[in-house]
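Those sequence lines, one after another, are chains X and W.
With this note's numbering, the residue at position 29 of the first sequence is 29, and numbering never jumps.
Counting from 1 along the second sequence, just add 1000 to a position and that's the residue number in this note's numbering.
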Amino acid sequence: MKASSPALEIAEYSHGYHFPDESVFRTRIGLDESVVNAISERKGEPEWMRRYRLRALGAFRKKSMPSWGADLSSIDFDALCYYARPQEAQSRSWEDVPASIKETFERIGIPEAERKFLAGVGAQYDSEMVYHSIKEDLSKLGVIFTDPETALREHPDLVRRYFGTVIPYLDNKFAALNSAVWSGGSFVYVPKGVRVDVPLQAYFRINARSFGQFERTLIIADEGSFVHYIEGCTAPIYATESLHSAVVEIIALPGSRVRYTTIQNWSSDVYNLVTKRAAVHRDAVVEWVDGNIGSKRTMKYPSVYLIGEGARGEILSIAFAGKGQEQDTGGKAVHAASHTSSVITAKSISKSGGIASYRGLVKVNEGLRDVRSRVVCDALLLDGDSRTNTYPVMEIESDQVSIEHEARVSRIGEDQLFYLMSRGMSEAEASFMIVSGFLDPLVKQLPMEYAVELNRLIELEMEGSVG
Amino acid sequence: MASNLAVRGLEAGIGEKGILLGVDLDIRAGEIHALMGPNGSGKSTLASVLMGSPTYELRGGTVTLDGEDVLALSPSDRALRGLFLAFQYPVEIPGVTVGKFLKRAIELRSGGGGMSVSAYIKELREAMDFMGMDQAFINRYLNQGFSGGEKKRMEVLQMLMLKPSIAILDETDSGLDIDALKVVADGVNRLRGEGFGALVITHYRRILERIVPDFVHVMYRGRIVLSGGRELVEKLEEKGYDWIREQYGIEEEADEGVVASA
């Protein structure tokens, strides 16, 4: 009566539907100066941005692929389309959104999300915002929540002052690529002392086949302000590989607090290679909550650069690696000022041969005092085929620091399954209960509707379990 | 209907090693059975095998509950038919609260309908009071960070809430102080009656002074070698297990490592 180990299988990707591609403008396949110029021209950008893009393209060509992390060898940059625009003008209201796009949104629940008191909905369909609404009270407070193209037109000084300052295009190959061909994303500015009590939410979605999505998000929290930005992603399933390479920059000015929550559920053919970084000034706080489910390969390490005294950074990372998937995730905390603290908590689940790796950096510059950092990595393996790796790097150049690191790997226990089953649960339900329990401390940090969605996604991933 | 658990010639082991070498036992609802015997005699293995533990391999024999083949059922299906095991070493389930877990278990036990949330909370609170457990346990993760005594109380609490027809208590009294022992015994006695049968596995007489058994069995080297009434408890207390070995002519093997219970 040896119990079969839970042979969990990937459930069919439930968001894997797509509608006929109605893009009205798209650049040719492949990438060169003319493509970059075409994107910039199409957007009617100022000259400085066009030049910035071209310099970034040069950097992209010179930079080599990362020699570490997930296997990216099957990305063919020459076979991708770098820009597609679904329709001419940005829609102002829900009624103006074309029916097929609306249907897609309805299936992922956007109107419902809006009903749930969300302050603004910025939904990205391919490269452009097609639907974007902001509640009036936010505008009255002076909060800007728009796409970066509009921001470039309407708030050129703010954009020019901060764009690319946290993640320069020279940072890495994919940041350079994004800087050259970026399109869409979010721009958020919260004025001094303003607290945005309801989360700002954007929904991202890739629809065009083999289309790389390069959204660009820039969040500036002015002194003493607070904002919670939420980004969720679902993508339809395709046989050919898609590339998603975003850049997210946060500037948390003195005394501000920014919380950034992502739940990503890319379909299993997407390369998800994202650079996310926050500059955290004096007495400011930045919290990243980063959940990665789906995709073929993810490489993502939200970072906090603690550049002012009293700055604090917190990174919560959740990864679920299923069959054929590799989640290479974690976080980086760079302490560049005294009296700073950071906490990195990473939880990963691997099943059906999936690989989940924690990759992290804690760096403390020379001569700093009173620096604290704590890193906790927990990995849960659901079967013998799955793997987990931990690559924690510590570069500590000061001795007045307190650094803690804990790493644990556990296997879903036969004894745990037996215990729950002896109380009437099927093997599948018992497995799901153990997995959701493992994630519970992190899920509790999410807003209610996201906690529900994450649980539902995990449940879908766990479907097909032997019952 | 009064349940009837019938064990016939049950054999089980791990790898080369045989642990249960032919166990015969009948437990009917309404009866309390005590199972005693030295360490290593197979008492806990019997408890685990009856509940369907994947740790042991079945080698032979039958187990039926009201005529239905129990050994063909998953642990879940055994639970749904009214079997319950109070674990000797309850497992920690991080991230799953006692309240959430128990509510689901009750839903399943009652065939999906369950009870209203308010009725559930009311019953749970009452049962926790009865077991001398702080209400704060409702929101704690199941068994995580519980003391040994708290884990045992939690097992009995689950039993009270799930109302099994046949419960097996695997050394639930071990390691308990006298107060905890009393509430554990009170818990079992509370269910005692027409619709409830139990197998109380123990090394100690003191629990059997509080849960007075109708039948007492002694297990030795994988078999039940002696069954009788409550007077057997006295006799074991007085004479230890050597007496059984001598009395019933069991051959001693040098390598068996069986020790008489303290």
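Positions of the beta carbon are idealized from the N, C-alpha and C atoms, including for glycine.
Going by the CB atoms, is the gap between residue j and residue i shorter than 8 Å?
i: X/Gln327; j: X/Lys296; result: no
i: W/Ser1076; j: X/Gly69; result: no
i: W/Leu1035; j: W/His1203; result: no
i: W/Ala1029; j: W/Glu1194; result: yes
i: X/Leu442; j: X/Lys347; result: yes
i: X/Ile307; j: X/Ile344; result: no
i: X/Thr275; j: X/Ile167; result: yes
i: W/Ala1180; j: W/Ile1211; result: no
i: W/Lys1095; j: W/Gly1222; result: The displayed chain sequence assigns Gly, not Lys, to residue 1095 of chain W. Cβ atoms of W/Gly1095 and W/Gly1222: not closer than 8 Å.
i: X/Ser342; j: X/Glu309; result: no
i: X/Tyr169; j: X/Ala59; result: yes
i: W/Arg1059; j: W/Glu1016; result: no
i: W/His1033; j: W/Pro1164; result: no
i: W/Leu1157; j: W/Leu1191; result: no
i: X/Ser245; j: X/Asp269; result: no
i: X/Pro191; j: X/Ser139; result: no
For the alpha helix (DSSP H) containing residue i, list its first residue and its last residue.
i: X/Thr150; result: 148 to 154
i: X/Glu41; result: 33 to 43
i: X/Glu406; result: That residue, X/Glu406, is in no alpha helix (DSSP H); its beta strand (DSSP E) goes 401 to 411.
i: X/Gln416; result: 414 to 421
i: W/Glu1155; result: 1148 to 1162
i: X/Lys351; result: No alpha helix (DSSP H) holds X/Lys351; DSSP gives it neither H nor E.
i: W/Asn1189; result: 1178 to 1191
i: W/Val1117; result: 1117 to 1130
i: X/Leu479; result: This structure gives no information on residue 479 of chain X, because the portion of chain X shown stretches from 1 to 467.
i: W/Ile1207; result: 1205 to 1210
i: W/Leu1080; result: 1075 to 1080
Residues of chain X with CB closer than 8 Å to the CB of residue i, please, in chain order.
i: W/Ile1093; result: Gln416, Tyr419, Leu420, Met433, Ile434, Gly437
i: W/Ala1105; result: Arg423, Gly424, Met425
Strictly below 7 Å CB to CB, what residues from chain X border residue i?
i: W/Ser1053; result: Phe418
i: W/Arg1109; result: Gly424
i: W/Ser1076; result: Met421, Gly424, Met425, Ser426
i: W/Leu1085; result: Ser422
Taking the beta strand (DSSP E) that residue i belongs to, which residues open and close that run?
i: X/Ser551; result: Within the shown structure, residues of chain X are numbered from 1 to 467, placing residue 551 of chain X beyond reach of any answer.
i: W/Thr1062; result: 1057 to 1065
i: W/Pro1094; result: 1093 to 1097
i: X/Glu397; result: Looking at the DSSP string, X/Glu397 is not in any beta strand (DSSP E), and its letter there is neither H nor E.
i: W/Gly1022; result: 1017 to 1028
i: X/Ala56; result: Element bounds for X/Ala56: not the beta strand (DSSP E) but the alpha helix (DSSP H), 47 to 62.
i: W/Ile1014; result: 1004 to 1014
i: W/Ile1168; result: 1166 to 1170
i: W/Phe1137; result: Careful: W/Phe1137 lies outside any beta strand (DSSP E) and carries neither H nor E.
i: W/Ile1201; result: 1197 to 1201
i: W/Ile1086; result: Sequence check: residue 1086 of chain W is Ala here, not Ile. From DSSP, the beta strand (DSSP E) with W/Ala1086 extends over 1083 to 1086.
Anything in chain W within Cβ reach of residue i, meaning under 9 Å, just list it in chain order.
i: X/Pro441; result: Pro1094, Gly1095
Listing by chain order, which chain X residues have their CB less than 9 Å from the CB of residue i?
i: W/Asp1079; result: Before going further, note that residue 1079 of chain W is Ala rather than Asp in the sequence given. Correct list: Met421, Ser422, Arg423, Gly424, Met425.
i: W/Gln1088; result: Those within 9 Å of W/Gln1088 in chain X number zero; the least Cβ separation is about 12 Å.
Taking the DSSP output, what are the residues bridged to residue i?
i: X/Arg216; result: X/Gly185, X/Val247
i: W/Met1219; result: W/Ile1224
i: X/Asn389; result: X/Ser357
i: X/Ser373; result: X/Ser342, X/Ile403
i: X/Lys363; result: X/Val334, X/Glu395
i: X/Ala379; result: X/Ser348, X/Val409
i: X/Arg26; result: X/Ala84
i: X/Arg195; result: X/Phe226
i: W/Leu1032; result: Note that residue 1032 of chain W corresponds to Ile in the displayed sequence, not to Leu. Paired residue(s): W/Ala1198.
i: X/Ile144; result: X/Tyr189
i: X/Ala221; result: X/Val190, X/Ala252
i: W/Leu1142; result: W/Ile1093
Beta-carbon of residue i versus every beta-carbon of chain C: anything under 8 Å?
i: W/Gln1158; result: Going by chain labels, chain C is absent from the structure shown, which instead holds the protein chains X and W.
Can you determine whether any heavy atom of the ligand NAP sits closer than 7 Å to the C-beta of residue i, and answer yes or no?
i: W/Ile1211; result: This structure does not include the ligand NAP; it has no bound ligands of any sort.
Legend entry - In chain order, each beta strand (DSSP E) run of at least 3 residues that lies wholly inside the segment 293 to 349 of chain X: 297 to 300, 303 to 306, 312 to 321, 326 to 335
Legend entry - Ordered list of alpha helix (DSSP H) runs contained in the segment 1224 to 1251 of chain W, each at least 4 residues: 1231 to 1239, 1242 to 1247
Legend entry - beta strand (DSSP E) segments (min. 3 residues) lying fully within the segment 243 to 299 of chain X: 247 to 252, 257 to 266, 270 to 280, 285 to 294
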